[in-house]
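Going by this note's numbering, the residue at position 262 of the sequence shown is 280; the numbering climbs one at a time, nothing skipped. Below is one structure; the comments refer to it alone.
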Amino acid sequence: MRTTLRTTTARARMWAGVTAALLTTAAACGAPEGADAPEAVEASEQQAAQHEPAGAPATDLPVAVDLDLYVAGKQVPGRWYTAAGRGTHWVALRDDRTWWWGYDEEPQRIDGRIDQSVVISASGGYTAHVQTGPGDGWTLVGADTEWAGEGFGAVDLPRTPMDPPPRAVAVTDDGLVVAGGPDFQWLWRPLVDGATVDLAETAPGQVVLGGTDAGLLVNDGAYDRTDGTQGAPYLARLAADGTLARLGPVPTHDALEASAQWLAYVPPGTIGGEASGTPELQVQRRDGSGAGVLAAPDGWLFVAPGFRWETADRLLALLVRRDGQFEALARCRPDAESCEVVDLPD
Numbered sequence: 019m020r021t022t023l024r025t026t027t028a029r030a031r032m033w034a035g036v037t038a039a040l041l042t043t044a045a046a047c048g049a050p051e052g053a054d055a056p057e058a059v060e061a062s063e064q065q066a067a068q069h070e071p072a073g074a075p076a077t078d079l080p081v082a083v084d085l086d087l088y089v090a091g092k093q094v095p096g097r098w099y100t101a102a103g104r105g106t107h108w109v110a111l112r113d114d115r116t117w118w119w120g121y122d123e124e125p126q127r128i129d130g131r132i133d134q135s136v137v138i139s140a141s142g143g144y145t146a147h148v149q150t151g152p153g154d155g156w157t158l159v160g161a162d163t164e165w166a167g168e169g170f171g172a173v174d175l176p177r178t179p180m181d182p183p184p185r186a187v188a189v190t191d192d193g194l195v196v197a198g199g200p201d202f203q204w205l206w207r208p209l210v211d212g213a214t215v216d217l218a219e220t221a222p223g224q225v226v227l228g229g230t231d232a233g234l235l236v237n238d239g240a241y242d243r244t245d246g247t248q249g250a251p252y253l254a255r256l257a258a259d260g261t262l263a264r265l266g267p268v269p270t271h272d273a274l275e276a277s278a279q280w281l282a283y284v285p286p287g288t289i290g291g292e293a294s295g296t297p298e299l300q301v302q303r304r305d306g307s308g309a310g311v312l313a314a315p316d317g318w319l320f321v322a323p324g325f326r327w328e329t330a331d332r333l334l335a336l337l338v339r340r341d342g343q344f345e346a347l348a349r350c351r352p353d354a355e356s357c358e359v360v361d362l363p364d
């Protein structure tokens with residue numbers, strides 16, 4: 019019988035909030051210039067400078083562990099809840115609930131009020147987010163993660179009351195952006211012609227749930243009540259005309275990450291609310307030739323979501339102590355069904 023644990027760290031609680039609620043508490047997210055956030059940022063930078071580590075986990079992924087963010091072997095100033103990206107290209111949520119990006123270890127603030135998560139492409143080259151304006155106004159914004167952070171421009175989303183507010187769902191390595199709300203989902207083509215495509219017309223009855231290293235995660239259903247916990251989710255490739263090409267099925271899940279070779283996931287009902295720890299991760303080969311279970315190292319639980327593929331056959335997973343008081347990283351190999359704790363700076 020599968021067990022879960024209600025973790026108590028602020029970081030674990032934020033993981034659940036980012037995933038399930040997508041930070042819909044607007045007043046706390048993306049504080050405008052002149053608010054209290056800059057003071058919190060300055061204090062965080064001073065605190066980080068007082069205990070600069072001698073090293074960092076050797077990984078190609080930006081990682082946030084126990085509020086410390088590591089990029090390319092260096093610690094980023096500040097305190098951080100979560101990070102995403104590849105190599106030196108990243109986005110991350112700071113403990114003052116502002117969003118930042120970088121092409122190296124120097125953090126750069128993403129301007130404007132952001133009520134939902136910022137997404138980044140699998141290779142780390144492009145970002146997208148929805149910026150909240152006055153009233154029921156939302157703007158979809160995209161940018162690259164090169165040194166200048168060149169913007170794609172922006173496009174206005176439907177101006178109607180929405181709960182939850184619209185969000186950027188995914189951005190592909192081709193710079194195609196999917197965004198949507200409870201009753202719509204659009205494709206935005208900023209690098210093609212700047213136009214939007216209504217996915218209800220080009221991919222009727224299909225809902226893009228998010229992105230993975232191996233393609234978009236999609237399921238049948240309606241925009242306001244579809245996730246990966248039921249039905250028949252699958253991976254797909256998105257074309258510029260808004261059509262979806264199926265790449266293969268995936269299991270129903272609470273959280274799932276796909277590489278070119280493997281799937282890692284937690285089954286439906288494993289996490290929810292503040293419960294984000296699980297003693298096991300399920301793994302299976304994309305081609306269906308094998309499946310297994312990854313067990314967390316003794317004394318630890320996997321945080322879900324909180325695992326990503328470093329390579330096609332190696333998983334990097336965030337861990338939390340069973341008492342919820344400390345975090346670590348594990349490197350797992352699904353072919354050997356083994357996980358080892360990664361050394362972190364003191």
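Every residue, glycine too, gets a C-beta built ideally from N, C-alpha and C.
- The Cβ-Cβ distance between T190 and A172 does not fall below 7 Å.
- L194 and V225 have their C-alpha atoms some 16 Å from each other.
- Annotation for D238: G223, Q224, G249 and A250 place their beta carbon closer than 7 Å to its own, counting only its chain and skipping 5 residues before and after.
- Rounded to whole angstroms, the gap between the alpha carbons of M180 and A146 is 19 Å.
- Approximately 6 Å separates the beta-carbon atoms of L334 and L347; this is inside 8 Å, confirming the contact.
- Nearest to G151 by C-alpha distance, out of T163, C357, G324 and D133, is D133.
- P315 is the residue among L217, E219, G233 and P315 whose C-alpha sits nearest the C-alpha of R340.
- Residue state for E219 is assigned as helix, using DSSP reduced to three classes.
- F170: member of the beta strand (DSSP E) spanning G169 to D174, first to last residue.
- Each of G199, D211 and T230 was checked against the Cα of L217, and the nearest Cα belongs to G199.
- Under a 10 Å Cβ-count criterion, S307 is classified as exposed, with fewer than 16 other Cβ atoms of the shown protein chains found around its own Cβ.
- Taken in chain order, the whole beta strand (DSSP E) runs of length 3 or more contained in the stretch 278–303 are 280–284, 293–296 and 298–303.
- For the set Y121, R185, F202 and G290, the Cα lying nearest the Cα of E168 is the one of Y121.
- Between Y241 and R351, the alpha-carbon positions lie close to 35 Å from each other.
- Here DSSP, grouped into helix, strand and coil, assigns I132 to coil.
- Residues R20, P269, T270, H271, D272 and Q300 of the same chain have their beta carbon placed closer than 8 Å to that of P285, with the five preceding and five following residues left out of the count.
- Residue environment: V311 is assigned as exposed (fewer than 16 neighbouring CB atoms within 10 Å of its CB, all protein chains considered).
- Taking A309 as the centre and dropping the five residues before and after it, the same chain places the C-beta of Q302 closer than 6 Å to its C-beta, in chain order.
- Taking 8 Å as the upper bound for CB-CB distance, W280 and R304 are in contact here, some 6 Å apart.
- With contacts defined by Cβ atoms closer than 7 Å, L79 and A110 do not form a contacting pair.
- In this structure, DSSP gives E328 an extended state, which the three-state scheme calls strand.
- Rounded to whole angstroms, D245 and E358 show a C-alpha spacing of 31 Å.
- If you draw a straight line from the Cα of P182 to the Cα of A354, it comes to about 41 Å.
- For P267, the closest of E219, G260 and E275 by C-alpha to C-alpha distance is E275.
- In this structure, DSSP gives W117 an extended state, which the three-state scheme calls strand.
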